[in-house]
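Numbering (our numbering), first residue to last: 549 to 1666.
Cβ coordinates follow ideal geometry from the N, Cα and C atoms, glycine included.
Predicted model, so just to flag it, every value in this text is computed and none were measured.
And the structure:
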């Protein structure tokens, strides 16, 4: 560097004219100026020294023009500068803003005179509002040409008004003025730009004859006093800031003691993380969150909304409670009335969510502490009580020295339940919608980001979606995992930036490209199509690839301004007015714009294509524009669906929390009760006929059904019963099921029951794994179903409630239950001649059944089955719902043959008509007949929503759900919600369970009917009541209880129905019929010992818990 400085002295003296001398001085001083580290970024004991960093002012954004040619030549020829150029000054200025955002160092902008200077104004406004340092060097005409009619001469002095921190107009270069004046002017300007509040500064630089490069004698004595400067490498004037250090020494830090006492004294505090700009400050904010143990609401710009989590240690994620979906939880009027914080600490000035900001305002009067390093007032609602001006690191350091009592555990866990339920509903709605949506893009964007990545978000709907639907995801990077474990912090931050100073939609692409240069990360830019059109000249900067890594630019193209479709007036305004003056609808091709600039373009129309595109270009070395097609109308509808669903989830959560006992205990979590013990009994009951699912010999006189009754006892003495009834045809058997129940018998004792279990939103899956240590794929479906049934019934008994009230506490009304019933579909085995089967069907209709399901595919050929169905339809008339079930026993050709023969029979649907599930959609399309899924969903091994994606075809009209076969009520509810979302029937079907299981299924069916009503209201459509497949009660010759099922003909409703109130009473008063119990299993003695295994190169010990007869292999201590 010293050699470069020595070269400066020679180059100055060798300059051709005084214009070149002054331009060289300006550029050289910029290259020397390290950024004086602000008092806000270092501990106080550093402030009494001169702090320079080892990177230099080297990024120049040069707009072509004749008047600025001396500056442009000096900058481009300097060995320590990097220059970039663009023909559009507005784009170039935003690019400089982005660079400064990314690097935290001022970029230098050089422009010609006239309106070229005016084009900088939008970027200057953004930089001023968002505290971004910039140095503007605007060339100008000499003073004698101003206000004299000269070409391209305007008044550029104070051109940017109050939006710059400092402005100065240099005289035209002359050797009559000491050259050091130029240096001190630059030093002063940069000092203003990098002192609080950071911002842009403007130096106006008039030049006479800027294009004249001929030699012109100039007086060297203008360089007088610059000998030391020319022989060194430091700026001419070094600014030293001592005020924070001296203030602290003088005792001015006393107000922080008041802040500490306030924070220590609160019971309900909230940590609100706004825009945070550096990795160090993000890390400090995360440390503070862990230290305070307060709930945290992280804005999208905080860097902690799109965080990476460790998959190997799920418990560490509990260290910090992130309430990511508070925005949508606040859609609930009940939540808005319930939630209140005594103390709110906000880090960073800007909050994206309007609802969160409104909630903060509704909490007033409260203590509201705002922390930011600038001195400006960011208090639009005027209720900040304590304004702390310091860096995040300083604030965190002051708090980390104090200990805080964690008295608000109950409050935190209430918020956790609320957030979890809203998050589940949002995730379900997004994942169950298979077309690509704008919220989906925001929801999955984290998966495309790594530790080496950063995100730049556009404005308008883009940033709002990211803030509402962005989420954390797991990281698998080992190096990052070790770093996170060492610090005991639960996550890794992702740096996020945006133009939120003035929140405009212009210049976003250029800013993002500059941000990529400044932060030296692989940046993913997320913008809308209108924003893209406002800054298409940014593509010219993109193609230059100056000093940066490849970028992915994700453009959501809904052909207009979608945000206006979400505003209240959208439904009341003329569509033509909306299109022209608000949506700004257009037909401009993003692809052709990219082609014009030689930028790679990739269109995306599906979720899979989006995922592939994001992953593909993460590892490639080329820039790419990924265009996601969207539609304003569909976007508005889906946002409405998300809001309604989230509101209902929040109401549901609040109703659960409001019903908790006053003295509910909280230690490691929010738990209702503790399980005292569990036992189970083997039952064997007689049936009137063989189950339609079995291959039993119909000539036998006796048929039986075997299963287990679970009894779960809580510590308060409440008992809940569940039924485990495995079906041999579904790869379960009594022996294996019994072994698993014996295992549960021992490990479940003393386990706590989480408050969220009745929500059926992933809570049981999480509870079984975290408390019982059983993976989802390891527990038998019938066992899980029985366990869920027993636990939910136990909770209901303890609370003096019912199974149905557990599932929908916000709709409790015993009077409604008394009048409610569930429509039942009769089941016919179809053995016999067409006349015999038709007679049975007509007899059922006379009993009151209005829906009948007949088994088919059990005869020699489909023609015979078709004859039976035609005869039945002719006998029962057109008003009865007819369903048939082929159980996947036909080939495609046989199913087609049957389908064409029964086309006029008006079948409600055919269950599983083909043996190959991939042919079911083709069957619907060829025959025009509706179909239903049954065995298909029973065999799902992966995510149900992913597997169901193949079956959204309108020809598939129903999903038949057997809770004991698919694995319980939580999975059943998920599949039912999917079906209802896609306009399909969710039909609960029994698998020949006893009255205990049937009663629970009746209540579960009623619960699904209520969910169906909700979807009906949301979608403004009429859906008829569904007949559920619970007609297997007619097979029961014996039962596990003496209380009869309340199934009868309801003359008011005109169908055979199961009484909801009757099912509630059966479960409340349930007593086991000991005549059908063959064996009871209670807790056995457990032998505990260590089994040591020695090998040549290693040894290990296994901790064994053994029941039954003691083994002889035990060694070590018991």
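Nearest-angstrom Cα separation, counted from residue j out to residue i
| i | j | result |
| --- | --- | --- |
| residue 1152 | residue 1169 | 20 angstroms |
| residue 1139 | residue 1539 | 55 angstroms |
| residue 739 | residue 923 | 16 angstroms |
| residue 524 | residue 581 | Outside the modelled stretch of the chain, which goes from 549 to 1666, sits residue 524, for which no answer is possible. |
| residue 1692 | residue 1384 | The requested residue 1692 does not occur in the structure, where the chain is confined to residues 549 to 1666. |
| residue 1315 | residue 1300 | 9 angstroms |
| residue 598 | residue 790 | With a pLDDT of only 35 at residue 598, under 50, the local geometry of the prediction cannot be trusted, and the value read off the model is given with reservation. Roughly 10 angstroms between the two C-alpha positions. |
| residue 1608 | residue 1017 | 38 angstroms |
| residue 1619 | residue 1589 | 6 angstroms |
| residue 607 | residue 1109 | 34 angstroms |
| residue 1231 | residue 1613 | 22 angstroms |
| residue 1332 | residue 1260 | 13 angstroms |
| residue 1517 | residue 1008 | 41 angstroms |
| residue 610 | residue 1091 | 16 angstroms |
| residue 1472 | residue 1478 | 6 angstroms |
| residue 627 | residue 579 | 9 angstroms |
Residues near residue i by beta carbon distance below 7 angstroms, same chain, minus five either side
| i | result |
| --- | --- |
| residue 563 | 569, 572 |
| residue 1000 | 1069, 1070 |
| residue 693 | 701 |
| residue 1522 | 1492 |
| residue 669 | 708 |
| residue 1500 | 982, 1530 |
Beta-carbon proximity list for residue i, same chain, < 6 angstroms, skipping 5 on both sides
| i | result |
| --- | --- |
| residue 1085 | 636, 639 |
| residue 1191 | 879 |
| residue 911 | 888, 889 |
| residue 1304 | 965, 1311 |
| residue 603 | Here residue 603 scores only 40 on pLDDT, less than 50, and its place in the model is too uncertain to base an answer on. |
| residue 1410 | 1442, 1445, 1446 |
| residue 929 | 909 |
| residue 1449 | 1414 |
| residue 1563 | 1528 |
Three-way DSSP call (helix, strand, coil) for residue i in this model
| i | result |
| --- | --- |
| residue 963 | helix |
| residue 590 | Because the pLDDT of residue 590 is 37, which lies under 50, any placement of that residue in the model is unreliable, and the number read from its coordinates should be weighed accordingly. Reduced to three states, the DSSP call for residue 590 is coil. |
| residue 1033 | Here the model assigns residue 1033 a pLDDT of 48, short of 50, so the residue's position is not dependable and the matter cannot be decided. |
| residue 1648 | strand |
| residue 906 | helix |
| residue 1519 | helix |
| residue 1416 | helix |
| residue 1350 | coil |
| residue 1395 | helix |
| residue 1532 | coil |
| residue 1628 | strand |
| residue 1613 | helix |
| residue 1484 | helix |
Distance between beta carbons of residue j and residue i, contact taken as under 8 angstroms
| i | j | result |
| --- | --- | --- |
| residue 698 | residue 689 | 6 angstroms |
| residue 1535 | residue 1509 | 7 angstroms |
| residue 732 | residue 751 | Not really, about 12 angstroms apart at Cβ, beyond 8 angstroms. |
| residue 1147 | residue 1087 | 6 angstroms |
| residue 1437 | residue 1405 | 4 angstroms |
Cut-off 8 angstroms between Cβ atoms - residues of its own chain near residue i, not counting five sequence neighbours on either side
| i | result |
| --- | --- |
| residue 661 | 613, 615, 616, 686, 687, 688, 689, 700, 701, 702, 704 |
| residue 1429 | 1373, 1398, 1399, 1400, 1456, 1575 |
| residue 1103 | 1075, 1076, 1077, 1080, 1138, 1173, 1174, 1175, 1176 |
| residue 1624 | 1231, 1232, 1233, 1586, 1587, 1588 |
Enumerated in chain order, which unbroken segments of the alpha helix (DSSP H) with a length of 4 residues or greater are wholly contained in the segment 788-854? Listed in chain order, the complete alpha helix (DSSP H) runs (minimum 4 residues) inside the segment 788-854 are 791-797, 803-813, 827-840.
Unbroken stretches of the beta strand (DSSP E), 3 residues or longer, contained in the segment 695-773: For the segment 695-773, the continuous beta strand (DSSP E) assignments of 3+ residues that do not extend past its boundaries occur at 714-717, 748-754, in sequence order.
Which whole runs of the beta strand (DSSP E) in the segment 613-661 are 3 residues long or more, in chain order? As far as the segment 613-661 is concerned, its whole beta strand (DSSP E) runs of at least 3 residues are 630-633, 655-659.
What residue ranges within the segment 1236-1317 form continuous alpha helix (DSSP H) runs of no fewer than 4 residues, ordered along the chain? The alpha helix (DSSP H) runs lying completely inside the segment 1236-1317 and spanning 4 residues or more are 1282-1295, given in chain order.
Which full runs of the alpha helix (DSSP H) of 4+ residues lie inside the segment 1115-1166, going along the chain? Correct list: 1123-1129, 1138-1144, 1155-1166.
Quick one: complete beta strand (DSSP E) runs, 3+ long, within the segment 1417-1450? Listed in chain order, the complete beta strand (DSSP E) runs (minimum 3 residues) inside the segment 1417-1450 are 1429-1433.
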